[in-house]
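Here the sequence shown is numbered in this note's numbering, starting from 146 and rising by one per residue. Where a beta carbon is used, it is the ideal one built from N, C-alpha and C, also for glycine.
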Amino acid sequence: MSIQTISTQPYTDQKPGTSGLRKKVRVFQQPNFLENFIQSIFNSLEGYQNQTLVVGGDGRYYNREAIQIILKMAAANGFGRVLVGLDGILSTPAASCVIRKNDAFGGIILSASHNPGGPEEDFGVKYNISNGGPAPANITDAIFAASQTITEYKLLDVSDIDLSRVASHSLGHMTVDVIDSVTDYGALMETLFDFGQIKQLLSGGQFRFCMDPLHAVTGPYATAIFERRLNAPAGTVVNGVPLEDFGGGHPDPNLVYAHDLVEIMFGEDAPDFGAASDGDGDRNMVLGKNFFVTPSDSLAILAANATLVPGYRGGLAGIARSMPTSQAPDRVAEKLGIDCYETPTGWKFFGNLLDADKATLCGEESFGTGSNHIREKDGLWAVLFWLNILAVKQQSVEDIVREHWRTYGRNYYSRHDYEGVESDRANTLITNLRQGLSAMPSKTFGSYTVDYADDFAYTDPVDGSVAEQQGIRIGFTDGSRIVFRLSGTGTSGATLRLYVESYEPDPAKHDQDTQVALADLISLADEIAQIKVLTGRDQPTVIT
Ligand code: G1P
Ligand code: ZN
């Protein structure tokens with residue numbers, strides 16, 4: 146058993162994006178590609194000797210191989226202990242929970258989230274810091290810098306560890322504890338929600354619930370928590386067995402990709418409540434009987450009803466939402482007399498606000514909701530939160546949402562994605578928009594008058610760090626908005642995201658179809674950004 150020092154050369158393309166380094170599996174399988182990135186993570190950190198590292202992934206193709214390599218590298222680099230999920234599985238929220246609970250130095254999460262898996266699909270690596278959250282920009286910048294000058298990496302020359310049983314192993318001077326993937330997370334959920342009341346709801350025979358993990362990591366968590374702890378009938382969890390390629394599907398919980406669930410929830414005799422989660426378990430979609438709840442509304446509704454739930458009975462310190470997320474949560478914050486923070490896209494921007502107790506709940510329009518219980522968004526947490534509210538209020542999902550709109554007004558909201566656009570064309574579109582910004586204010590387009598137009602910049606109120614060029618915002622005097630940005634998580638070409646929002650206070654006008662309600666703004670967005678001309682696309686790839 147010896148430490149090998151292996152010579153290597155830098156790869157130029159190891160810059161982490163919105164959420165870690167995401168590439169095709171084939172890219173990660175190039176000689177030393179993964180090893181270089183892992184060593185670059187270690188090289189950019191200080192003080193981890195003899196400390197604890199958490200390692201786990203969403204179980205996608207290449208998870209097993211990658212974990213064995215990481216364990217041997219962690220041992221060779223001097224970590225004292227690694228906690229690794231059974232079979233190498235940890236959902237992203239569970240990894241965050243395990244890091245915090247065990248005072249770990251940090252964690253490495255292997256996931257490409259909602260991107261498809263398999264030999265020809267995507268893989269990803271993300272480093273999380275000791276608060277359990279994604280590494281902030283100063284660390285990801287340092288990792289990238291280290292990856293550009295790397296000359297060697299260290300690996301312990303040992304055989305693979307058996308990850309199929311909960312057990313403790315020695316790897317040189319390091320201990321590897323294979324832990325049950327669900328235990329710590331399940332225990333944390335029990336401290337936040339009224340499991341007794343939810344159990345009554347789920348096992349009473351009246352209320353029907355369908356949970357679809359899309360053959361991804363949440364399967365074992367959902368089965369353990371809903372069917373075993375909360376007595377939901379067997380079969381409540383569908384597509385619950387995690388598969389390395391997610392059954393060939395796209396593990397993204399939205400109306401397009403969660404089609405099995407959508408069919409059930411919009412079919413005849415639909416259950417009362419349906420939910421889906423993504424590849425690594427941090428996203429969620431919630432549905433009522435024939436009814437879709439937008440993620441932005443979901444955040445607003447959880448916030449408005451938070452005191453019904455034990456973990457939040459004391460009230461909220463504040464709410465935080467990403468800039469493109471609808472302004473529905475802002476209205477709740479205003480009524481509660483608390484702050485609502487607007488951050489750039491990506492969960493890493495919430496970490497400081499949560500650590501400083503400035504925000505309790507956070508969310509993104511991209512089907513992410515979470516709170517200060519961990520430092521990642523959390524799919525099952527959101528589902529449990531909804532179940533707790535449903536158990537207390539004894540109303541349907543639709544009634545709860547409509548009541549919310551009556552109180553606060555409705556923010557019509559939609560996101561249009563243009564995937565796989567040629568990068569040059571996408572960059573031109575954004576550059577053109579940027580150049581036109583200063584001439585925008587006070588311009589009128591039909592009935593819309595521009596109130597402000599900028600490229601969103603954020604100054605973190607806790608550490609003063611600045612993030613610039615986070616998306617083009619054009620706000621109109623009636624409160625509606627158009628936002629444009631390029632995705633930072635894709636692995637081929639560019640994805641243009643267009644976010645459109647309008648506000649309707651009048652309950653008599655809350656029944657429109659979203660795309661119809663937003664039609665004028667959507668064509669205005671095309672007029673301003675020349676989307677069709679520049680992308681060469683007639684319509685978006687995905688509308689959520
Ligand atoms: C997308 C979402 C963003 C989310 C991220 C990771 O990033 O838009 O809200 O935090 O995935 O799940 P994007 O591809 O837009 O950079
Ligand atoms: Zn995810």
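*Report the residue from Gly-633, Pro-398, Ala-240 whose alpha carbon sits nearest the alpha carbon of Thr-490.*
Gly-633
*With DSSP as the reference, label Pro-474 as helix, strand or coil.*
helix
_Comparing C-alpha positions only, which one of Ala-287, Pro-586, Ile-253, Ala-312 sits nearest to Lys-160?_
Ala-287
*Provide the residue span of the alpha helix (DSSP H) that contains Asp-671, from first to last.*
664–674
*Output the boundary residues of the alpha helix (DSSP H) element that contains Gly-554.*
Per DSSP, Gly-554 belongs to no alpha helix (DSSP H) and is neither H nor E.
*What do you reckon, are the CB atoms on Ala-527 and Tyr-366 nearer than 8 Å?*
no
*How would you label Met-334, buried or exposed, when you count the other beta carbons within 10 angstroms and need 16 or more for buried?*
So Met-334 counts as buried.
*Under a three-way DSSP split, which group does Asp-600 fall into?*
strand
*Within the same chain, show all residues whose beta-carbon is closer than 8 Å to that of Ser-152, passing over the 5 residues directly before and after it, in chain order.*
For Ser-152, where only same-chain residues beyond five positions count, the Cβ hits under 8 Å are Thr-296, Glu-297.
*Report yes if the C-beta of Arg-226 is less than 7 Å from at least one heavy atom of the ligand ZN; otherwise report no.*
Answer for Arg-226: no, Cβ out of range of the ligand ZN.
_8 Å Cβ cutoff, Thr-576 in contact with chain D_ = Note that chain D does not occur in the displayed structure, where there is just one protein chain.
*N-terminal and C-terminal residue of the alpha helix (DSSP H) that His-314 is part of*: Premise fails: His-314 lies in the beta strand (DSSP E), 312–316, not in any alpha helix (DSSP H).
*Tell me whether the beta-carbon of Ile-234 lies closer than 8 Å to the beta-carbon of Ser-326.*
yes
*If you draw a straight line from the C-alpha of Ala-282 to the C-alpha of Glu-509, how long is it?*
19 Å
*Element boundaries [beta strand (DSSP E), containing Gln-213]*: Taken as a continuous stretch (DSSP letters only), Gln-213 belongs to no beta strand (DSSP E), being part of the alpha helix (DSSP H) at 208–221.
*asked:* Please classify Thr-452 as buried or exposed, where buried requires at least 16 other C-beta atoms within 10 Å of its C-beta.
replied: Looking at its Cβ environment, which holds fewer than 16 other Cβ atoms inside 10 Å, Thr-452 is exposed.
_Am I right that Val-227 and Val-270 are in contact with their C-beta atoms under 8 Å? What's the rounded C-beta distance?_
Their Cβ separation, rounded to whole angstroms, is 15 Å, which puts Val-227 and Val-270 out of contact at 8 Å.
_Using the three-state DSSP reduction, which class does Gly-515 fall into: helix, strand or coil?_
strand
*What residues in its chain sit with their C-beta under 6 Å from that of Val-690, if we drop five residues either side in the sequence?*
Since the displayed the chain opens at 146 and closes at 689, residue 690 lies outside it and no answer follows.
*Could you say if the stretch 262–277 and the stretch 430–438 meet the contact criterion of at least three C-beta pairs nearer than 8 Å?*
The stretch 262–277, when compared against the stretch 430–438, does not touch it at the 8 Å Cβ threshold.
*Report all residues from its chain with a CB closer than 7 Å to the CB of Thr-237; omit the five preceding and five following residues, and keep chain order.*
Ile-254, Ser-256, Asp-425, Gly-426, Asp-427, Glu-521
*Give the single residue among Gly-496, Thr-197, Tyr-193 whose Cα lies nearest to the Cα of Ala-249.*
It is Thr-197.
_For a quick check, are the C-beta atoms of Asn-384 and Leu-347 less than 8 Å apart?_
no
*Relative to the C-alpha of Val-407, which residue among Phe-354, Thr-368, Ala-361 is closest?*
Phe-354
*In its own chain, which residues sit with a C-beta less than 7 Å from the C-beta of Phe-621, not counting the 5 before and 5 after it?*
The beta carbon of Phe-621 is closer than 7 Å to those of Tyr-593, Thr-594, Val-595, Asp-596 in its chain, skipping five residues each way along the sequence.
*Coil, strand or helix - Leu-255 by DSSP*: strand
_Contained alpha helix (DSSP H) runs [length at least 4] in the stretch 296–363, N- to C-terminal order_ = 328–337, 340–348
*Report yes if the C-beta of Thr-490 is less than 7 Å from at least one heavy atom of the ligand ZN; otherwise report no.*
A distance criterion of 7 Å places the beta-carbon of Thr-490 beyond contact range of the ligand ZN, judged by its closest non-hydrogen atom.
_So, at 8 Å on beta carbons, what are the nonlocal neighbours of Phe-704 in its own chain, with the 5 sequence-adjacent residues on each side left out?_
Outside the shown range of the chain, which is 146 to 689, sits residue 704, and nothing can be said about it.
*asked:* If I measure Cβ to Cβ from His-314 and keep anything under 6 Å in the same chain, skipping five residues before and after, which residues do I get?
replied: Ile-306, Val-321
*Alpha-carbon spacing of Gly-263 relative to Ala-312, whole angstroms*: The alpha-carbon atoms of Gly-263 and Ala-312 are separated by roughly 29 Å.
*Ala-403 versus Val-303 - alpha carbon distance*: Answer to the nearest angstrom: the Cα atoms are 42 Å apart.
*Check His-655 in the structure and name its three-state DSSP category.*
coil
*Nearest-angstrom Cα distance between Pro-155 and Leu-529?*
44 Å
*How many Å lie between Thr-336 and Gln-472 at the Cα?*
30 Å
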